[in-house]
Structure formats: C-alpha cells, structure tokens
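Here is the structure we will look at.
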Amino acid sequence: MRLFTCPVFADANAGYDDSEFVIFGVPFDGTSCFRPGARSAPAAMRAASYNFETYSSEHDVDLCEVPFCDLGDIEVSTNIDETLALVRSAVEKIIGDDKVPIMMGGEHTLTHPCIQAIDDVGVMVLDAHLDQRDEYSGSKQSHACVSRRILEECGVENYVSIGIRSGAREEYDFVRQNRVRFYTAEQVQSEGIDMVVQETLDYLSTDRIYLSIDIDAIDPAYAPAAGTPEPFGLTPSDVRFVIKSIASRAVGFDMVEIAPAYDHGQTALLGAKLIREFIVAKKRGE
Ligand code: MN
Ligand code: MN
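According to my numbering, the sequence shown is numbered sequentially starting from 433.
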C-alpha cells in the first residue's frame, strides 16, 4: 500500500529496471545571465504534469501503459563543472542500460554532458539563440556557449538548430564560416516546419537523434517564462510536430531554460505537455 507520494512526474509509475524512459531533473541555473530561475523548472513541470489525461487519442497510446520513471533531481553542486560531471554520469548510466533519458533543466548548459554521454548522435536544438559563443563572461561552460560545445562534440554534420532569431555578430560569422546548419524562425514560418524537419533528417549523418528544446525557441506569447525570452518565435504546434517527426529515432530528449517565476504557470504546463508528447510519440514510433 502506498501511503505517501513523492513529487514525481505524473504517471511515472514504473521501477527503473522496467522503464523504457527515465526522467530526471537538474535544478541548476548558475550561469543564467538575464532572468535566473530555471532551477525551479523540474518541480514546476512535475506539478503541471498532473493536469493532463493519460490517453493520447492522436497516438492511441495511454501513458499509464508506458513504463517510465522519474528519478527525481540530481543533487547539483554550485560548481558548474561538478554539476556537468554528475549529469554526464547519470546519462551514461541510463544510456548504458538501454533506456531513453529525459532531462528536465535547469539551464541549457546541461545539454552538453548529455551529448557527451551518447555515442554516434545527431543533435537537433530548438532555440531562439545560436548559443555559439566560444566563451561568455570568462567561461566556456555557459548557456550562451552550449551549442558551440555540442558542435565540438558531434561535428558540423551532426548538428542542426531550428528557431534561430538571435545571436551576436561573431556568432553569425562563426556559423557561416563553418557552415553550421540552422533554420531561422522566419524560415519555419515561410517554408513550413514539415519541410525544415525533412531537410534536417536528410542532412544529419546518423539516424540516432538527440532533441534539445530550449523553451525560448517558442514565442514568448506562448512561453513567457523563459530565462531569455525572444519575440517572433515558433509555435507550440511547430515544436510538437518536430517531436512527432523525430520520436522514432530519438535516443534522448531535454527541456531546458524554463524560469517558472515569470508567468502564471503556462510555460511549465507547456514544457510538461511536450515531455508527455515525446513519450507517447516515441512509444508509438517503436
Ligand atoms: Mn535560447
Ligand atoms: Mn539555448
């Protein structure tokens, strides 16, 4: 008999050994520059996750029948490098056990150790920002540098970002010189998200995909509680389409940069829903 509940993601009722998906939170926002607060996002997404029905009519999958678990939050250090090492070892363990990690950030920097933990992976990043600085405020491990670190890890042939509409001139120079593939939010609007996703899948040199969603990829009208919100963004439906399209090939997923203090809960609600969409879409795609 279960007398006490702990605050896990809704319907994450399986034990670790039986789980196909493993959720964990990383309450860390130590390098956030504009509006810190992403450390509160795992708890906010867990709370919001109880709003939803378990059945997905679109995918004909009931989350109750999908074995997944929520390990809780990593005990982060105030030291960024120590925190990144903890995340990397957690993901190495989950991947080594042949399960799909779902990381709830926290700030975007946390995606880098997730990528390091996975071999032969193509990375799709949804983001308003290029995040291609070599360093920021004297640090190479900042959320403003995370896509640069990912790129160094997986190579230009295995990296695409979508939703871009912000970056320093030096970042745009860097991506042009190095032929880094990216799609602007405006391209998504004009060409259609289906075209962009198809081109991305054709471009990446591996079928194994890691999807990282920086919530600010989505327009602040839908997702105002972002650490660094940026107007003229993607719609939630665009992002859901991406999730649906890549789910069968996905080997890992994260949702980062939600800073729940800056709205009335709608951004964490969207984050929680997109995590649930990922699980049901992947389950059907198997
Ligand atoms: Mn961003
Ligand atoms: Mn980012």
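We put the beta carbon where it would ideally sit given N, CA and C, even for glycine.
Quick caveat, the model's predicted, so the values are computed rather than measured.
- Residue side-chain check: residue 689 places its Cβ nearer than 7 Å to a non-hydrogen atom of ligand 2.
- Going by DSSP, residue 503 is part of the beta strand (DSSP E) stretching over 500 to 505.
- Boundaries of the alpha helix (DSSP H) harbouring residue 521: 512 to 528, taken from the DSSP string.
- In this structure, the straight-line span from the alpha carbon of residue 664 to that of residue 654 is close to 11 Å.
- The beta carbon of residue 702 is closer than 8 Å to those of 647, 650, 654, 655 and 668 in its chain, skipping five residues each way along the sequence.
- When 697, 476, 657 and 577 are compared, the shortest CA-CA separation from residue 540 is found for 577.
- Residue 613: member of the beta strand (DSSP E) spanning 613 to 616, first to last residue.
- Taking the C-beta atoms as reference points, residue 508 is found nearer than 8 Å to residue 518.
- Membership of residue 457 in the beta strand (DSSP E) is indicated by the continuous run 453 to 458.
- The three-state reading of DSSP puts residue 690 in strand, counting E and B together.
- Any heavy atom of ligand 1 within less than 5 Å of a residue's beta carbon puts that residue on the list, which reads 559, 560, 561, 646 and 648.
- As for any alpha helix (DSSP H) of minimum length 4 sitting wholly inside the region 587 to 626, the runs are 601 to 609 and 617 to 623, ordered along the chain.
- Between ligand 2 and residue 578, a heavy atom-to-CB distance of less than 7 Å is present.
- Counting of Cβ neighbours within 10 angstroms places residue 510 among the exposed residues, the total staying below 16.
- Excluding its 5 nearest sequence neighbours in each direction, residue 625 has C-beta neighbours in its own chain below 7 Å: 670, 673 and 674, listed in chain order.
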